[in-house]
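Read through the structure below, which is laid out as structure tokens, and then see the notes.
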Amino acid sequence: MAIKYIDEADLKGKKVIARFDFNVPLDSHHQITDTTRIDESLPTIRYILEKGASKLIMMSHLGRPKAGKFAKEFSLEPVAKYLASKLEQEIVLSESSVDSGVKSLLTLNETKIVLLENIRFHKEETDNDLEFAKKLASYADIYVNDAFGTSHREHASVYGITKYFEKKSYGGFLLKREVEALSKIMNSPKKPFVTIIGGSKISDKIKTLEYFITHADKVLVGGAMSYPFLAAKNIKVGKSRCAKEDVEFAKKALAQDVGKKILLPVDHLVSEQLDGKPIICNEVTIPDNLIGLDIGPKSIELYTNEIKKAKTVFWNGPMGLFENPNFSKGTFAIARAMADIKSQAYTVVGGGDSVSAVNSSGLADQMSHISTGGGASLELIEEGDLPGLFALKFGPKN
Ligand code: ADP
Ligand code: MG
2 MAIKYIDEAD LKGKKVIARF DFNVPLDSHH QITDTTRIDE SLPTIRYILE
52 KGASKLIMMS HLGRPKAGKF AKEFSLEPVA KYLASKLEQE IVLSESSVDS
102 GVKSLLTLNE TKIVLLENIR FHKEETDNDL EFAKKLASYA DIYVNDAFGT
152 SHREHASVYG ITKYFEKKSY GGFLLKREVE ALSKIMNSPK KPFVTIIGGS
202 KISDKIKTLE YFITHADKVL VGGAMSYPFL AAKNIKVGKS RCAKEDVEFA
252 KKALAQDVGK KILLPVDHLV SEQLDGKPII CNEVTIPDNL IGLDIGPKSI
302 ELYTNEIKKA KTVFWNGPMG LFENPNFSKG TFAIARAMAD IKSQAYTVVG
352 GGDSVSAVNS SGLADQMSHI STGGGASLEL IEEGDLPGLF ALKFGPKN
């Protein structure tokens, strides 16, 4: 069974409750510093309104408020203001997601769009409390989930709520875009399928690594992920980040037959300190007093050549401490290599820091797909499904 998307729904005269991911970054003055997540929700919001829904009730979380309590700094007020200016319509921000005020608000003719206050002010949200979900469901005839980035959570507003919308649960356009793009990675990707994995720790990404090693033709390893692999081959990595348990994992991975797919850096950029000046380490062994902070020029060439041959590329995790411009070369070179094959290959970037790296490389528009999902996109690839997607099709399991 496939997910039904909102373009299959009859919305005319219907009350629609929709879950979005408006979890935007705010500065100390409570101003939104990056509106991307809201902007990406606009097509779904506009569609619901244009198709004649009588009411639109929107839900989202923002940050990680202490459960069960209102806190001004996590209020969705700036989101309500921004949405009102974008849509040129009044948006009523409810005091709470589930007080009696919401129902009376909805009886008013002039109230068309309601934004429920931060759904995580109620601990019932993260507890997936079904009474809470039922109350939310009582506001509307149709449910829409466009919060792909939250769909790996079994939370009331993405999971439990679908129990009360049998055959009336739909995916939004952002969710659709993510699912379709990631399906191309998951379901018989065109070969050669090259994956690139980097970032800070193997233990954070064991499942992703295992998936890559099993399904891809090549796994290019960079960033702090690479040092445990080198250590597993008895290569010295100096003071680079390298946890013992990660070395154990790396040993096992390399010992498998599929371990041959793994490519490791052959040189590095190193330094005496994290903010020290970059030094090229021409060989694979890193001297005792130095820290590996980026892949080196020969590794860039090696990896670029592999990417050139690919028909499908999935990238998660920066190749170095890219936040420091001294150590961003490797990461940006991967983005460049992917951009260069855009006419011949399907290229996807997923992961919070990887996406911000691609954005700062200026090459984001050259990728086939950039996943907004972070944890959700990796989990979808590894598991083949997500709780929020499953629930759209079948409802919650219990
Ligand atoms: P993503 O969010 O894309 O999944 P991760 O969170 O796993 O990526 O990793 C990103 C972080 O890893 C970045 O903050 C980056 O600075 C760090 N990192 C990458 N390589 C190194 C390195 N060699 N030493 C220390 N930190 C590194
Ligand atoms: Mg990260």
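Residue 356 in the numbering used here is what sits at position 355 of the sequence shown, and the numbering runs on without skipping anything. Backbone N, C-alpha and C fix where the C-beta goes; we use that ideal spot for every residue, glycine too. Source: prediction; values computed, not measured.
Next item on the list: Give me the Cα-Cα distance between E249 and D142, rounded to the nearest whole angstrom.
Entry: The residue you call residue 249 lines up with position 248 of the sequence shown. The residue you call residue 142 lines up with position 141 of the sequence shown. The alpha-carbon atoms of E249 and D142 are separated by roughly 53 Å.
Notebook entry, point to check: Mind checking T215: buried by the 16 CB within 10 Å criterion, or exposed?
Noted result: As a first step, residue 215 must be located in the sequence shown, where it is residue number 214. T215 should be labelled exposed.
Check: If you draw a straight line from the C-alpha of L27 to the C-alpha of N283, how long is it?
Finding: Position 26 of the sequence shown, counting from 1, holds the residue named residue 27. Position 282 of the sequence shown, counting from 1, holds the residue named residue 283. C-alpha separation (whole angstroms): 42 Å.
Next item on the list: Quick one: grab the DSSP three-state call for L265.
Entry: Taking the sequence shown and counting its residues from 1, one reaches residue 265 at position 264. Here L265 sits in coil by DSSP.
Item checked: Residues passing the C-beta test against the ligand MG heavy atoms, cut-off 5 Å -> G353 and D354
Item checked: Start-end ranges of the beta strand (DSSP E) lying completely within the stretch 74-143, minimum 3 residues -> 114-116
Notebook entry, point to check: Which value, in whole angstroms, describes the spacing of the CA atoms of K394 and A134?
Noted result: Residue numbering aside, residue 394 sits at position 393 when the sequence shown is read from its first letter. Residue numbering aside, residue 134 sits at position 133 when the sequence shown is read from its first letter. The alpha-carbon atoms of K394 and A134 are separated by roughly 17 Å.
Note to self: Let me make sure I understand the geometry here. Which of D8, I46 and L63 has the alpha-carbon closest to that of V25?
What the structure shows: To locate residue 25, count along the sequence shown from 1; it is residue 24. Closest option to V25, Cα to Cα, is L63.
Next item on the list: Consider the C-beta atom of S201 and the heavy atoms of the ligand ADP; say whether any pair is separated by less than 6 Å.
Entry: For the purposes of this step, residue 201 is taken as residue 200 along the sequence shown, with counting starting at 1. Yes, since a heavy atom of the ligand ADP falls inside the 6 Å radius drawn around the Cβ of S201.
Check: Can you give the Cα-Cα distance for S76 and A233, rounded to whole angstroms?
Finding: Position 75 of the sequence shown, counting from 1, holds the residue named residue 76. Position 232 of the sequence shown, counting from 1, holds the residue named residue 233. Their backbone Cα atoms lie some 48 Å apart in a straight line.
Margin query: For M2, count the other beta carbons within 10 Å of its own beta carbon; 16 or more makes it buried, fewer makes it exposed. Which is it?
Written below: Working through the sequence shown from its first residue, we reach residue 2 at position 1. M2 is exposed by the Cβ-count criterion.
Note to self: Buried or exposed, going by whether 16 or more other CB atoms sit within 10 Å of the CB of K261?
What the structure shows: Position 260 of the sequence shown, counted from the first residue, corresponds to residue 261. Classification for K261: exposed.
Notebook entry, point to check: For V180, does the three-state DSSP call read helix, strand or coil?
Noted result: Sequence index remark: in the sequence shown, residue 180 carries index 179 (1-based). Reduced to three states, the DSSP call for V180 is helix.
Checklist line | Whole-number beta carbon distance between F23 and D147, since they are thought to touch under 8 Å | finding: Within the sequence shown, numbered from 1, the residue matching residue 147 stands at position 146. Within the sequence shown, numbered from 1, the residue matching residue 23 stands at position 22. The Cβ separation is near 10 Å, so there is no contact.
Check: Based on Cα-Cα distance, which residue from D130, G102, N110 and L131 lies nearest to L117?
Finding: Taking the sequence shown and counting its residues from 1, the one referred to as residue 117 is at position 116. It is G102 whose Cα lies nearest to the Cα of L117.
Margin query: Considering only heavy atoms of the ligand ADP, does any lie closer than 6 Å to the CB of A225?
Written below: The residue you call residue 225 lines up with position 224 of the sequence shown. The answer is yes for A225.
Margin query: Quick check: does the Cβ of R242 come within less than 6 Å of any heavy atom belonging to the ligand ADP?
Written below: The residue given as residue 242 occupies position 241 in the sequence shown. R242: yes, Cβ under 6 Å from the ligand ADP.
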